[in-house]
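Chains as they are written, first to last, in the working numbering: chain A, 10 to 739; chain B, 19 to 222.
Quick reminder that beta carbons are idealized off the backbone N, C-alpha and C, glycines included.
Since the structure is predicted, the reported quantities are computational estimates derived from the model, not experimental observations.
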Amino acid sequence: MFEKTLTDLIRGIRTNKKNEQKYIAACLQEIRQEVRSNDPDVKAVAISKLTYVCSLQMLGYDMSWASFHVVEVMSSAKFLQKRTGYLAATQSFRQDTDVLMLTTNLLKKDLASGNHLEVGVALNGLAHIVTPDLARDLCQDLVSMLNHSRPYVRKKVVLVLYKLFLKFPEALRLSFPRLKEKLEDPDPSVVCAVVNVICELARKNPKNYLSLAPQLFHILNTSSNNWMLIKIIKLFGALTPLEPRLAKKLLPPITQHIQQTHAMSLLYECIHTVITGGMLNLGGNSDSLAAMCVNKLRTFLEDTDQNLKYVGLLALAKILPTHPRLVSEHRDIILRCIDDPDISIRLRALDLVVGMVNKRNCTDIVKRLMAHLLPSSNSDPTANYSPPSTLLEPAYRADIINRIIYICSQNSYSNITNFEWYIAVLVDLTYVSGVKVGEMLAQQIMDVGVRVKSARQYCVKIMQRLISDKNLLENCKLSDSNAEVLYAAAWISGEYCSFLENPVETIEFLIQPGVTKLSHNVQAVYVHAVLKIYAYWANSLVYNWDDDAKQELIQITAKLKDKVGMFSSCTDLEVQERAYNIREIFSIIHQDLINEENNLKEGNDYSSQKAPAIIAELPPLFFFYELNPVAPKAQKKVPIPEGLDLDAWINEPLPESENNESEEEEESYGYGYGQTFGGSGDLIFSNGNGATVGRRRVRKNGRKNGYESEDNEELREKVYVTIYSVLFGN
Amino acid sequence: MIKSVLIFNNHGKPRITKFYQQIDIGTQQALIQEIFSLVSKRPDTVCNFLEGSQMLGGKDTRVIYRHYATLYFVFVVDDCESELGILDLIQVFVESLDKCFENVCELDLIFHFDEVHHILAEVISGGMVLETNITEIVHAFSESNKLKKRSGTMATIAGSGAGAVARDLGANLANTVTTTLQSTLQNTVSATFSNFRRTTGFNS
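This is the structure we're talking about:
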């Protein structure tokens, strides 16, 4: 005997830690020789070693080449070798292992063995390796073994049958009556096995197992095996939705278990089934039952065992939708779980908290959640412990912020009573979040700013803080920067600039050095906001027009004209275009003001008492209509005015002669197409002339209004064209 | 159903791997590594449920584990199983090992991986729970051990308990490791055992 034993091999691997792989390779070489040996002992040991190496060395060795030798060892007469062979088979055989075809008779023989341990080994092996063919061939043998004299065999047969059903569904029909009988087996382990199997079967198709309810109910009332009771109660949880009468019948025994059991696992499963099985919706005294469940769950949360806390929170989350009042009675302890060091528990508690929020507790809960984002050192400088590492995890922080925003914004902000407070929260989040959530915050700020008129003034005020924040600008390139909120800040400042205390100052912040580091979409809003605020401010000067005002206007306009140039070198086309447009507008205005100044010096002071008309013309472009939130379905609610025929021509189609050139094209689109959409405009658009028509119209409209001064009119037209391109990007 | 039973040590070295569903070897190894990386980060004071691993196969899969001394016992199960029930089941399995090996330690699992499989087979068969009564489990195991001896000794695999193995190893280091492992694991077992009595009662 020179072969290594299994112990030798394991010891060898442990002593050859440095060149483990080489050692194993050498051993595998030996094993290859040994499995071919004529000595069954050597062969069995070789298979045992091979199983060890392949299932535990994590090196991805494949042992399928040895499958035939595994079968040889399985068929050994010695129990020890047989067991080794079966173990190797369970660890290595796949559904497509070809030697499985050879095992049918071997299995038949082993299942019929007089030794119950051999039968047990064969049954356990079969549970792993069963294929549709094996299932078909062995089905009858197994069904007859349900009456085996030893419970040890019977319980194993029951479980193997389930694996057979999966591969060969016909077997279920053949064996179900016998299986059902086994629910009354004298041995509790056998009954337990049957319950396990039915539980698995009912999971897929509960309806078919309703007929077993009386027997299962009997077991529920008499058994003391907690594992089985858990399974039965889970099973009933799946059956009650199909048969409401069952729920009523189950209530007394389940209530009894809830009140009396000391096994937390059983208690939990009872409560869980009461909740998920719909037993709380029965009327009668179901409210007291719900209260009892919730009170029991409270003891879970109070327990020091973290596992109980975790499942307790899970169950509370399930009862929350139907009994929010009952759950929020225990708000204190749930909120305590938010601060638990265990992140799994904290997340589950957060789930609950999100569901518990209402108008009254919203501020309080948000405050607690915000506390998680703040560095803990502030709270107590004497305590010298580091915060739990999870608090610093970006994913966790992002989750908290998501939840805060969800809590506050759900149901159209129904939980918010004070919007100024919410805006302040959003701004605070900008600073404490520690993760990149700027886009989300910006979206919220804008949403609230636009929708809530009463909070606008405050909103504009607090946005100035963001815009003027040098740090935000400085760090905008960092991965956790929330500089994206400046998008909202600039937009709100621009749109609601009438609330600005000092518009010029705001404009200066918008063009301060460093803003070109911001992301392009933020820059685009910045450029636009500069023009909007300028338009508002310049117009406000008109009311107190004097020389000082004029000088200030000239000075600021000149400055802006220069400054907005920095945006024009942006690589983003949108920003670039906007920058060129507004620079052009500023230089037109500036030129206008200078011209006037020169006129004045030359003594033609006919216009000195009046502000230039162009300044009064700017604001209506931006502020003529107030921006109002409109529900997506609002348009549908507007009734069509009486007498309006949407299908009638607005303009009669152009006469044939004028339309010659486009006739062919029109035909290719199909005549009906043009007609349904109606209007000559549409036809011209489809010929690609839309832009010209549009512009000509603008010009005409401009003329119609009529102006005295020729200069002014030319200027006006220039502005219109420019503005037109700003608005329509042409 | 139970999808797999894994035992690995504090360094992620697998001691027992049992998959009740057919998974190819590469995925098995990736799975073990993934679970180890998740589990090893968790201190012993947190709960024993893992959630949110993509690889584990979706929402209805849960990882339930217990940590004893140097070993993690990990059960991957679907939502047909009770979370607390499985925790108790792990305890039943560990206690059974402790009885079969007389103060079980990691070395027992290393040198008797086959026997551990046979004990596991008395607890779980093809992913279904077979027996939760420790006495029954230990009885079945010792019965087959007797038969094993009768059917001709293979001195190679035989060897009773860690003591014998440690002596075989001959190295002092191994000896000390064994004894410390023994005492710690035993301590944990008995410590959790009392806890177990309180929270469960499969065998009451």
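Alpha carbon to alpha carbon, what distance is there between residue j and residue i?
{"i": "Thr-35/B", "j": "Val-156/B", "result": "21 Å"}
{"i": "Ser-58/B", "j": "Asn-424/A", "result": "41 Å"}
{"i": "Leu-143/A", "j": "Cys-279/A", "result": "39 Å"}
{"i": "Arg-212/A", "j": "Ile-342/A", "result": "34 Å"}
{"i": "Phe-309/A", "j": "Val-320/A", "result": "8 Å"}
{"i": "Phe-245/A", "j": "Thr-282/A", "result": "8 Å"}
{"i": "Ile-197/A", "j": "Asn-133/A", "result": "The question names Ile, yet the displayed sequence has Pro at residue 197/A. Rounded to whole angstroms, Pro-197/A to Asn-133/A spans 20 Å at the Cα level."}
{"i": "Phe-595/A", "j": "Gln-644/A", "result": "38 Å"}
{"i": "Tyr-277/A", "j": "Ile-239/A", "result": "9 Å"}
{"i": "Met-575/A", "j": "Val-584/A", "result": "10 Å"}
{"i": "Asn-607/A", "j": "Ile-542/A", "result": "27 Å"}
{"i": "Ile-22/A", "j": "Met-301/A", "result": "58 Å"}
{"i": "Asn-420/A", "j": "Ser-502/A", "result": "27 Å"}
{"i": "Thr-113/A", "j": "Lys-216/A", "result": "34 Å"}
{"i": "Leu-165/B", "j": "Leu-115/B", "result": "19 Å"}
{"i": "Glu-510/A", "j": "Lys-570/A", "result": "23 Å"}
Shorter than 8 Å from the beta carbon of residue i to some beta carbon of chain A?
{"i": "Thr-113/B", "result": "Inspection of the sequence shows that residue 113/B is occupied by Glu rather than by Thr. With 8 Å as the cut-off, Glu-113/B does not count as an interface residue toward chain A."}
{"i": "Cys-69/B", "result": "It is Glu, not Cys, that sits at residue 69/B in the sequence shown. So yes, Glu-69/B belongs to the interface."}
{"i": "Asp-132/B", "result": "yes"}
{"i": "Lys-166/B", "result": "yes"}
{"i": "Glu-124/B", "result": "no"}
{"i": "Asp-106/B", "result": "yes"}
{"i": "Glu-101/B", "result": "yes"}
{"i": "Arg-80/B", "result": "no"}
{"i": "Thr-45/B", "result": "no"}
Is it buried or exposed, residue i, if we count other Cβ atoms within 10 angstroms and call 16 or more buried?
{"i": "Gly-523/A", "result": "exposed"}
{"i": "Asn-235/A", "result": "buried"}
{"i": "Ala-299/A", "result": "buried"}
{"i": "Trp-747/A", "result": "Because chain A spans 10 through 739 in this model, residue 747/A falls outside it and cannot be assessed."}
{"i": "Asn-28/A", "result": "exposed"}
{"i": "Lys-572/A", "result": "buried"}
{"i": "Gln-100/A", "result": "buried"}
{"i": "Lys-26/A", "result": "exposed"}
{"i": "Lys-167/B", "result": "exposed"}
{"i": "Phe-686/A", "result": "Confidence in Phe-686/A is poor, its pLDDT being 42 and thus under 50, which makes the residue's placement too unreliable to answer from."}
{"i": "Met-146/B", "result": "buried"}
{"i": "Glu-190/A", "result": "exposed"}
{"i": "Met-110/A", "result": "exposed"}
{"i": "Lys-2/A", "result": "As displayed, chain A neither begins before 10 nor continues past 739, which places residue 2/A out of reach and without an answer."}
{"i": "Ser-442/A", "result": "buried"}
{"i": "Leu-636/A", "result": "exposed"}
Hey, would you say the C-beta of residue i is under 7 Å away from at least one heavy atom of the ligand FAD?
{"i": "Asp-106/B", "result": "The ligand FAD is not part of this structure, which contains no ligands at all."}
Please state whether the Cβ-Cβ distance between residue i and residue j is less than 8 Å.
{"i": "Cys-740/A", "j": "His-529/A", "result": "This structure leaves residue 740/A out entirely; chain A is present only between 10 and 739."}
{"i": "Asp-351/A", "j": "Cys-65/B", "result": "yes"}
{"i": "Pro-621/A", "j": "Glu-605/A", "result": "yes"}
{"i": "Gly-447/A", "j": "Glu-483/A", "result": "no"}
{"i": "Ile-82/B", "j": "Ile-104/B", "result": "yes"}
{"i": "Ala-433/A", "j": "Ile-374/A", "result": "no"}
Kindly list, in the order they appear in chain A, the residues whose Cβ is closer than 9 Å to that of residue i.
{"i": "His-29/B", "result": "What His-29/B touches in chain A: nothing, since even the nearest Cβ is about 12 Å away."}
{"i": "His-136/B", "result": "Arg-92, Leu-96, Val-130, Asn-133"}
{"i": "Glu-154/B", "result": "Tyr-161, Ser-198"}
Report the neighbours of residue i on chain A: residues whose CB is nearer than 8 Å to its CB, in chain order.
{"i": "Cys-98/B", "result": "Cys-208, Glu-209, Arg-212, Lys-243"}
{"i": "Phe-91/B", "result": "The premise fails here: Phe-91/B is roughly 14 Å from chain A at the closest Cβ pair, so nothing lies under 8 Å."}
{"i": "Val-64/B", "result": "Gln-315, Pro-350, Asp-351, Ile-352, Ser-353, Ile-354"}
Under 8 Å between beta-carbons, which chain B residues line up against residue i? List them in chain order, please.
{"i": "His-137/A", "result": "Tyr-38, Gly-144"}
{"i": "Glu-402/A", "result": "What Glu-402/A touches in chain B: nothing, since even the nearest Cβ is about 11 Å away."}
{"i": "Glu-517/A", "result": "Neighbours of Glu-517/A on chain B: none; closest Cβ ~49 Å, over 8 Å."}
For chain B, is any of its Cβ atoms less than 8 Å away from the one on residue i?
{"i": "Tyr-394/A", "result": "Because Tyr-394/A sits at a pLDDT of 41, beneath the cut-off of 50, its placement in the model cannot be relied upon, and the following sentence gives the value as read from the coordinates. Judged by the 8 Å Cβ criterion, Tyr-394/A is not in contact with chain B."}
{"i": "Arg-159/A", "result": "no"}
{"i": "Pro-350/A", "result": "yes"}
{"i": "Tyr-405/A", "result": "no"}
{"i": "Thr-16/A", "result": "yes"}
Could you name the residues of chain A that residue i contacts, counting a contact when the two beta carbons are closer than 7 Å?
{"i": "Ser-162/B", "result": "Leu-126"}
Report the neighbours of residue i on chain B: residues whose CB is nearer than 7 Å to its CB, in chain order.
{"i": "Lys-165/A", "result": "Ser-143, Leu-148"}
List, in chain order, every chain B residue whose beta-carbon is nearer than 9 Å to that of residue i.
{"i": "Tyr-415/A", "result": "Neighbours of Tyr-415/A on chain B: none; closest Cβ ~19 Å, over 9 Å."}
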